[in-house]
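Trainee: Heads up, the sequence shown is in the numbering used here, so the first residue is 1 and it goes up one at a time. Glycine is no exception: its CB is placed at the ideal position from the N, C-alpha and C atoms. Predicted model, so just to flag it, every value in this text is computed and none were measured. One structure is given below, represented as structure tokens, and several questions about it will come after.
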Amino acid sequence: MVVKSAIIAGALATISAVPVAVPAFTGTPVELAIGPFEAKFQQHMRVDFGVRGECLARDCTLMELGIGDGFRLTF
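Right under this line is the structure:
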């Protein structure tokens, strides 16, 4: 049980570090949405915060991570 908790904690720490690290090193924009709230990270440490309007009309995903135009990870 402790190992499972450590794996989950490590995965969450990695996912939370990706939006800050990827744009700074590669210039690829990253989007992170948790429920109706979203943040878009771009190169030169520009961060845009917002609220997804479609979440007000229907259910949202728990967490969504998008890197560039091609990769999207949804929980």
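Look at Glu54 and Lys40 and say whether their C-beta atoms are less than 8 Å apart.
Mentor: No.
Trainee: Under DSSP, the alpha helix (DSSP H) around Leu65 begins and ends at which residues?
Mentor: Element bounds for Leu65: not the alpha helix (DSSP H) but the beta strand (DSSP E), 63 to 67.
Trainee: Residues in the same chain with beta-carbon distance under 6 Å from Cys60, minus the five sequence neighbours each way, listed in chain order, please.
Mentor: Result list for Cys60: Gly35, Pro36, in chain order.
Trainee: Using the rule of at least 16 other Cβ atoms within 10 Å of the residue's Cβ for burial, across every protein chain shown, is Ala6 buried or exposed?
Mentor: Exposed.
Trainee: Do you know how far the Cα of Gly68 is from the Cα of His78?
Mentor: The structure shown does not extend to residue 78, since the chain spans only 1 to 75, so no value can be given for it.
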